[in-house]
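Read top to bottom, the protein sequences are chains A and B.
Going letter by letter, the first sequence gives residues 17 to 216 in the working numbering.
Going letter by letter, the second sequence gives residues 17 to 216 in the working numbering.
Glycine included, each C-beta is placed from N, C-alpha and C at the ideal position.
These numbers were taken from a predicted model, which means no experiment stands behind them.
Structure first, commentary second.
There are 2 protein chains.
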Amino acid sequence: MTKKELVMSLYKIGAIKFGKFTFKSGIVSPNYVDLRVLVSYPKVLSEVGKSYVPLLKKLSFDRMAGIPYAALPIIAAVGFHNHKPWMYTRKEAKNYGTKKLIEGEYKKGDKVVLIDDVITTGLSKIEVLKPLESEGLKIKDIVVYIDREQGGREELEAKGYRLHSVVRLSEVFKLLHQEGILSDTQLQENLNSLKTRKSL
Amino acid sequence: MTKKELVMSLYKIGAIKFGKFTFKSGIVSPNYVDLRVLVSYPKVLSEVGKSYVPLLKKLSFDRMAGIPYAALPIIAAVGFHNHKPWMYTRKEAKNYGTKKLIEGEYKKGDKVVLIDDVITTGLSKIEVLKPLESEGLKIKDIVVYIDREQGGREELEAKGYRLHSVVRLSEVFKLLHQEGILSDTQLQENLNSLKTRKSL
Numbered sequence: 017m018t019k020k021e022l023v024m025s026l027y028k029i030g031a032i033k034f035g036k037f038t039f040k041s042g043i044v045s046p047n048y049v050d051l052r053v054l055v056s057y058p059k060v061l062s063e064v065g066k067s068y069v070p071l072l073k074k075l076s077f078d079r080m081a082g083i084p085y086a087a088l089p090i091i092a093a094v095g096f097h098n099h100k101p102w103m104y105t106r107k108e109a110k111n112y113g114t115k116k117l118i119e120g121e122y123k124k125g126d127k128v129v130l131i132d133d134v135i136t137t138g139l140s141k142i143e144v145l146k147p148l149e150s151e152g153l154k155i156k157d158i159v160v161y162i163d164r165e166q167g168g169r170e171e172l173e174a175k176g177y178r179l180h181s182v183v184r185l186s187e188v189f190k191l192l193h194q195e196g197i198l199s200d201t202q203l204q205e206n207l208n209s210l211k212t213r214k215s216l
Numbered sequence: 017m018t019k020k021e022l023v024m025s026l027y028k029i030g031a032i033k034f035g036k037f038t039f040k041s042g043i044v045s046p047n048y049v050d051l052r053v054l055v056s057y058p059k060v061l062s063e064v065g066k067s068y069v070p071l072l073k074k075l076s077f078d079r080m081a082g083i084p085y086a087a088l089p090i091i092a093a094v095g096f097h098n099h100k101p102w103m104y105t106r107k108e109a110k111n112y113g114t115k116k117l118i119e120g121e122y123k124k125g126d127k128v129v130l131i132d133d134v135i136t137t138g139l140s141k142i143e144v145l146k147p148l149e150s151e152g153l154k155i156k157d158i159v160v161y162i163d164r165e166q167g168g169r170e171e172l173e174a175k176g177y178r179l180h181s182v183v184r185l186s187e188v189f190k191l192l193h194q195e196g197i198l199s200d201t202q203l204q205e206n207l208n209s210l211k212t213r214k215s216l
């Protein structure tokens with residue numbers, strides 16, 4: 017499946033929507049991205065997983081790590097295609113004490129690549145790395161499907177991490193415009209929304 | 017991969033262990049089963065997912081449902097093989113209020129099959145069905161990889177559910193005995209432990 021075909025599939029299943037969306041922060045957006053619906057479409061989920069593989073082939077790592085919940089189906093899909101071992105953090109570990117914070121095998125010093133669905137800000141991404149790094153895992157690379165182009169890449173690079181994305185949100189808009197899903201006006205409106213939010 | 021080959025794989029990766037294990041309840045067991053390690057062995061995870069497919073083919077359902085965390089990698093693996101839509105409950109939804117309790121699409125009245133890793137008691141299984149049933153989902157069938165034969169099957173049947181398992185724990189012991197992993201004495205000790213715990 018080409019990048020464009022996969023973006024079209026994501027649009028068709030409602031993982032990418034256009035309209036008028038008001039976020040909790042009060043920001044109004046002409047688009048909405050949510051890959052959690054993928055579990056209802058296992059074939060598309062599998063294709064999303066497959067799309068990470070070429071990026072991962074270029075990186076050197078021992079294990080992949082995912083964060084609940086959105087990234088767990090995706091990291092499972094990646095593992096299904098590249099057969100690399102993975103692990104995940106548990107959200108509720110703090111409440112239990114004796115329960116493990118991380119599920120899956122690893123050893124101190126293992127090179128780990130973080131697999132996530134999207135990136136908005138870099139700061140929230142750095143936050144989720146903490147439990148992994150405090151276990152002695154070495155994380156340099158973060159791979160996402162969509163880079164929302166809200167400054168996350170630059171924030172991560174400033175902290176010494178590298179972001180890799182299968183597709184950028186502006187590219188998603190352009191591909192959907194090519195397919196006639198977005199009109200010229202809508203394309204411009206959506207591209208502008210990226211610039212506006214980045215400067216907030 | 018045959019049933020025996022998969023059980024051998026699970027033994028080799030440490031998902032099934034023999035020795036002396038003391039559980040929180042104080043019960044001492046000569047065996048320990050934990051499928052959470054599967055994420056470190058994606059090929060074995062994929063085989064575990066595939067092993068559910070023949071059982072699921074005999075059932076009538078619209079969607080599959082999984083419970084975090086142990087069952088999530090497994091239900092993803094099942095979905096890659098049978099391409100059926102799935103959903104999962106979120107553990108922490110209560111703390112947030114506005115967050116969704118269930119991720120993935122569904123509609124009231126959908127027939128849902130619960131996918132889980134193992135069954136010990138039936139009561140804990142019925143507990144996890146509540147959020148799904150309170151959304152109007154119809155659940156009749158529960159499919160697990162290992163039936164630990166601790167009375168769970170009977171408890172579920174008494175409540176009108178049906179349990180389906182790929183393999184029973186006594187069968188696991190017998191297969192590993194055939195392969196020379198368990199001695200005659202160990203086989204008997206492990207089979208006896210099932211009977212003892214069932215009668216507690």
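Residue 107 of chain B places its beta carbon 8 Å or farther from that of residue 89 of chain B.
Under the DSSP assignment, residue 65 of chain A falls in the alpha helix (DSSP H) whose first and last residues are 58 to 73. Secondary structure at residue 45 of chain B: strand, using DSSP grouped into helix, strand and coil. DSSP places residue 27 of chain A within a helical segment (H, G or I) once states are collapsed to three.
Residue 153 of chain A is positioned such that its CB atom lies closer than 8 Å to that of residue 128 of chain A. Per DSSP, the beta-bridge partners of residue 37 of chain B are B:45.
For residue 28 of chain A, the closest alpha carbon among the candidates A:50, A:41, A:118 is that of A:50. Under the 10 Å beta carbon count, residue 47 of chain B is surrounded by 16 or more other beta carbons and is classified as buried. Here residue 55 of chain B has 61, 89 as same chain residues with Cβ atoms under 8 Å from its own Cβ, once five neighbours each way along the sequence are excluded. Between the stretch 70 to 80 of chain A and the stretch 153 to 165 of chain A, the count of C-beta pairs closer than 8 Å reaches three or more; the two stretches touch.
Residue-level contact by beta carbon fails for residue 117 of chain A and chain B, as no gap is shorter than 8 Å. In this structure, residue 98 of chain A lies away from residue 53 of chain A, with their beta-carbon atoms at least 8 Å apart. Within the stretch 35 to 62 of chain B, 52, 53, 55, 56, 57, 58, 59, 61, 62 place their CB atoms closer than 8 Å to a CB of chain A, listed in sequence order. Between residue 136 of chain A and residue 164 of chain A, the gap from beta carbon to beta carbon is short of 8 Å. Annotation: the stretch 101 to 162 of chain B contains the following complete segments of the alpha helix (DSSP H) (minimum length 4 residues), in chain order: 109 to 112, 138 to 149. Contact note: residue 121 of chain B reaches chain A through 53, 56, using a C-beta cutoff of 7 Å and chain order.
Within 10 angstroms of the beta-carbon of residue 67 of chain A lie 16 or more other beta-carbons, which makes it buried. In this structure, the alpha-carbon of residue 177 of chain A lies about 13 Å from that of residue 149 of chain A. If you look at residue 193 of chain B, you'll find it isn't in any beta strand (DSSP E); it sits in the alpha helix (DSSP H) that goes 185 to 194. Taking a beta-carbon distance threshold of 8 Å, residue 85 of chain B counts as an interface residue toward chain A. Around residue 198 of chain A, the same chain offers 34, 189, 192, 206 as residues with beta carbons nearer than 8 Å, after the five sequence neighbours per side are excluded. The beta carbon of residue 70 of chain B does not come within 8 Å of any beta carbon belonging to chain A, so the residue lies off that interface. Setting aside the 5 residues that flank it on each side, residue 38 of chain B is surrounded in the same chain by 44, each with a C-beta closer than 7 Å to its C-beta; the list follows chain order. With fewer than 16 other Cβ atoms inside 10 Å of its own Cβ, residue 123 of chain B counts as exposed. The Cβ atoms of residue 172 of chain A and residue 162 of chain A do not sit closer than 8 Å to each other. Remark: C-beta atoms of residue 185 of chain A and residue 203 of chain A do not approach each other more closely than 8 Å. Here residue 180 of chain A is actually not in contact with residue 22 of chain A; their C-beta atoms are around 16 Å apart, not less than 8 Å. According to the DSSP assignment, residue 95 of chain B belongs to the alpha helix (DSSP H) that extends over 87 to 98.
For the set B:74, B:117, B:133, the Cα lying nearest the Cα of residue 92 of chain B is the one of B:133.
Using a 10 angstroms sphere on the CB of residue 139 of chain B, the tally of other CB atoms stays under 16, which defines it as exposed.
For residue 101 of chain A, the residues of chain B that pass the 8 Å Cβ criterion are 55, 56, 57, 58, in the order they occur in the chain.
At a cut-off of 8 Å between beta-carbon atoms, residue 31 of chain B makes no contact with chain A.
Taking C-beta atoms as the reference points, residue 130 of chain A and residue 117 of chain A fail to come closer than 8 Å. Going by C-alpha positions, residue 32 of chain B is about 15 Å away from residue 121 of chain A.
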